[in-house]
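Start counting the sequence shown at 1; every next residue gets the next number (full-length UniProt numbering). Glycine included, every Cβ here is placed at the ideal spot set by N, Cα and C. Fair warning: this is a prediction, and the values are worked out from it, not measured in the lab. Working notes, beginning with the structure itself.
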Amino acid sequence: MRTRVRSPQTNGVIERFFGTLKYEHLYRGVIADGDALDMEVHRFRVLYNTVRPHQALGDRTPKIAYLHDQSG
């Protein structure tokens, strides 16, 4: 997915995600190869969106926040 033109705040969100991915997940173990990296990034994305609460979202997960915002 690409960020919107003239929307630097979106880049900050992506950079924060990558930093969290690296420091909370990838740097904690040995990644053997590209397939293992792909699997670990997928696992973290699921964890990040469905399990890990986010302070900026009122300690909700992104999935819960999105579903709540969609319903009303």
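Annotation: Gln-55 is outside any alpha helix (DSSP H) and is labelled neither H nor E by DSSP. If you look at Arg-45, you'll find it in the alpha helix (DSSP H) that goes 34 to 50. The three-state secondary structure of His-25, taken from DSSP, is coil. Considering only Val-41, Met-39, Ile-64, the residue with the shortest C-alpha distance to Val-51 is Ile-64.
DSSP, reduced to helix, strand and coil, places Arg-16 within a helical segment of the structure shown.
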